[in-house]
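Report on one structure; see the data block that follows.
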Amino acid sequence: MKLERIGLIVNPVAGKGTAYNLEVARGAVQALCPKEVLAGPGELGLAAAPNGTILKLAGQRGRAATQALARQAAVAGVQALVVVGGDGTLADVAFALIGMAQRPPILGIGAGSINAGELVTCKAEEIASLNNPEFSLHTVTGLIAGVNDQDMALAFNDVVISTTVVGMVEGNLVDFDAGEFLAGNRVIAEPQRIGRESARVTKLTSSGPVSIAEGRQIGTVIVGFSHYPSFFGKAIIGGIILSSLTGAPAGCLVCEQPLVRTRLSLEELHSIEPINAAFASLALGETILVEHLEPPAVLCADGNPLACLRLDKRAYIRVAPEGVQVLHLAQDSQPTNGPERS
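Following the working numbering, the numbering of the sequence shown begins with 451 at its first residue and continues without gaps.
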C-alpha cells in the first residue's frame, strides 16, 4: 500500500522533545516518500517536511491544535494521518475524527513516554520499518471519557483518575502533578489518594446501578481493556477481574492506594500493605460514573490530563461503539481489543 498523500502531525513536547520528534518525523517522510505532505506549521510538522503544504491554525494550541490539524487533513482527503507523539497525542487525533465523513487511518509513530497503545504503528526508533512497508488496516476500539455529559477524549490504553501522570525528564520516567500538567506546567509530585467520604464509583447497567467503591476506598480509578497482549495494565485490569474470560471488552479497578506512580520503595510498600481494591467488568452499553472526588483528582485519557474533578463534576467512562482505523505493519500481530475490518 503506497501512501501518496499524507497528513503529518508532530507533538513537539512528547517524549524526548522537539528536536528528536522532528528528526523522527523527517525520517518517516523520507521512508514513506509520499508525493504530497500536508503538515502543521513549524514544529507541528512542516519543519520536518519543508516542501509540504501548510495546514493553518487559528490560534489553537496543545490538544486543540492537534485535533484541528487532524480535521483539516481529513477534509483535504489524505490517505493517512502520520502522527508523531505519544499515546495521548494519537488518541487526540482519533477523537478529532469522530463523526467525520472522511476518516483516514492513523499511522502512529510512538515518540512518547510509554507508547503502549494499539494506535502505534511503530515506535520512533523503528522508522526504518516504514521503508516499502506492507500495511494491514484494522479497527481499534476506544474508551470515551467525559465530564458532566460532555465527551472529552478517546483512550486506547486506559482512563485514569488520579493526582499525577507519568512523564519523562532527561530520559527518566517521573510523576508529574496532573493539575499542573493540564495547565502547561511540569511539576514533579508525589501521588495522592483521591477519595473523600462522599465519593463514589458506580457502574450503570440496564439492570440498574452497581456500587463499586465509596469514600476513602477510592485512591485511584483505572478503566482499561481486558485483552491487551503488551500493555502492563492488563495485569491489574484484565486478568484479575476475569473480564478477559467472559468476553467483556474492558474493566474498572478502584484501589485504595495511588497506583499510577513511577517510584515506590519496598519499605513504602510494606507500610501500606495490605492493599485493597474493587473490580468490575465494563461491557458495551455500560458506564462507569465517578462522583464527589477530593481535589486535586484529574481525569486522564492515555496519559493526557482532561479535567480537574471539582466536587460539582461527574466523570464517566464507557466503551466507544465505533472504533478508529489504524495502519499496522503487516508482520505485526492483529490487535486484540477490536475486530479486524479489512
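By construction, the Cβ of each residue, glycine as well, lies at the ideal position given by its N, Cα and C atoms.
**OP:** Could you name the residues that DSSP lists as bridge partners for Ala489?
**Re:** The residue labelled residue 489 in the question sits at position 39 within the sequence shown. According to DSSP, which records beta bridges pairwise, Ala489 is partnered with Leu458 and Ile504.
Original post:
Exposed or buried, which one is Ser680 when buried takes at least 16 other CB atoms within 10 Å?
Top reply: The residue labelled residue 680 in the question sits at position 230 within the sequence shown. Residue confidence is low: Ser680 scores 45 on pLDDT, short of 50, so the model does not pin down where it sits. Its coordinate-derived value is still stated next. Classification for Ser680: exposed.
Subject >> Cross-strand partners of Lys573 (DSSP beta bridge) >> reply: The residue given as residue 573 occupies position 123 in the sequence shown. Looking at the DSSP assignment, Lys573 forms a beta bridge with Gly560.
**OP:** Write down the C-beta distance between Pro484 and Leu453 rounded to the nearest angstrom, noting that I regard them as a contact closer than 8 Å.
**Re:** Along the sequence shown, one-based indexing puts residue 484 at 34. Along the sequence shown, one-based indexing puts residue 453 at 3. Right, their Cβ atoms sit about 5 Å apart.
Subject >> Distance, Ile594 Cα to Val660 Cα >> reply: Taking the first residue of the sequence shown as position 1, residue 660 is located at position 210. Taking the first residue of the sequence shown as position 1, residue 594 is located at position 144. Straight-line measurement puts the Cα of Ile594 at about 20 Å from the Cα of Val660.
Subject >> Inter-residue Cα distance where the pair is Thr696 and Ala663 >> reply: Here residue 696 is taken as the residue at index 246 of the sequence shown, counted from 1. Here residue 663 is taken as the residue at index 213 of the sequence shown, counted from 1. When rounded, the distance between both Cα atoms is 22 Å.
**OP:** Kindly indicate which three-state DSSP category Leu767 falls into: helix, strand or coil?
**Re:** Start at 1 with the first residue of the sequence shown, and residue 767 comes out as number 317. At residue 767 the sequence reads Ile, which differs from the Leu that was named. Three-state result, Ile767: strand.
**OP:** Please name the residue in Val534, Ala546, Gly535 and Tyr470 whose C-alpha comes closest to that of Ala518.
**Re:** Taking the first residue of the sequence shown as 1, we reach residue 518 at position 68. The shortest Cα separation from Ala518 among Val534, Ala546, Gly535 and Tyr470 belongs to Ala546.
**OP:** Express the C-alpha separation of Asp762 and Ala508 in angstroms, rounding to a whole number.
**Re:** Along the sequence shown, one-based indexing puts residue 508 at 58. Along the sequence shown, one-based indexing puts residue 762 at 312. For Ala508 and Asp762, the distance between alpha carbons rounds to 32 Å.
Original post:
What are the residues that DSSP puts in a beta bridge with Arg650?
Top reply: In the sequence shown, the residue the question calls residue 650 occupies position 200. Answer is Glu664 and Glu741, bridged to Arg650.
Original post:
In terms of alpha-carbon separation, which member of Pro724, Thr614, Glu620 and Asn622 lies closest to Gly629?
Top reply: Within the sequence shown, the letter at position 179 stands for residue 629. Of the listed residues, the one whose Cα sits closest to Gly629 is Thr614.
**OP:** Go ahead and pull the three-state DSSP assignment for Leu519.
**Re:** For the purposes of this step, residue 519 is taken as residue 69 along the sequence shown, with counting starting at 1. Correct three-state label for Leu519: helix.
Original post:
Is any beta-carbon of chain B found at less than 8 Å from that of Gln480?
Top reply: Checking the listed chains, one finds no chain B in this structure; it contains a single protein chain.
Original post:
Identify the residues that DSSP records as bridge partners of Asp608: which are they?
Top reply: Here residue 608 refers to the residue found at position 158 when the sequence shown is read from its first residue. Asp608 pairs with Gly674.
Subject >> Residue environment, Arg643, which counts as buried when at least 16 other CB atoms sit within 10 Å >> reply: Indexing the sequence shown from 1 puts residue 643 at position 193. Buried: at least 16 other Cβ atoms inside 10 Å.
Subject >> Bounding residues of the alpha helix (DSSP H) (the contiguous stretch that carries Gly437) >> reply: It is not possible to answer for residue 437, since the shown part of the chain is limited to 451 through 792.
Subject >> Nonlocal neighbours in the same chain, by C-beta distance under 6 Å from Val748, ignoring five residues either side >> reply: Residue numbering aside, residue 748 sits at position 298 when the sequence shown is read from its first letter. Within the same chain, Val748 has close Cβ partners Ala628, Gly629, Pro755 and Cys758.
Original post:
Expressed to the nearest angstrom, what Euclidean distance is found between the alpha-carbon atoms of Leu709 and Tyr766?
Top reply: On the sequence shown, position 259 is the one that residue 709 refers to. On the sequence shown, position 316 is the one that residue 766 refers to. Within the model, the alpha-carbon separation for Leu709 versus Tyr766 is close to 19 Å.
Original post:
If you run the structure through DSSP and keep just helix, strand and coil, what is Thr712?
Top reply: To locate residue 712, count along the sequence shown from 1; it is residue 262. If DSSP states are grouped into helix, strand and coil, Thr712 belongs with coil.
Original post:
If we call anything under 8 Å between Cβ atoms a contact, is Val769 one with Val651?
Top reply: Here residue 769 is taken as the residue at index 319 of the sequence shown, counted from 1. Here residue 651 is taken as the residue at index 201 of the sequence shown, counted from 1. No. Outside cutoff.
Original post:
If we count the other Cβ atoms within 10 Å of its Cβ and call it buried at 16 or more, is Val590 buried or exposed?
Top reply: Looking up residue 590 in the sequence shown gives position 140. It is buried - the Cβ of Val590 has at least 16 other Cβ atoms within 10 Å.
**OP:** Assign Pro500 to one of two classes, buried (16 or more other C-beta atoms within 10 Å of its C-beta) or exposed (fewer than that).
**Re:** The residue labelled residue 500 in the question sits at position 50 within the sequence shown. That one is exposed.
Original post:
Nearest to Glu706 by CA position, among Ser656, Ile738 and Ala649, is which residue?
Top reply: Position 256 of the sequence shown, counted from the first residue, corresponds to residue 706. It is Ala649.
Subject >> Helix, strand or coil at Gln415 according to DSSP, with G and I counted as helix >> reply: Because the chain here runs from 451 to 792, residue 415 falls outside it and cannot be looked at.
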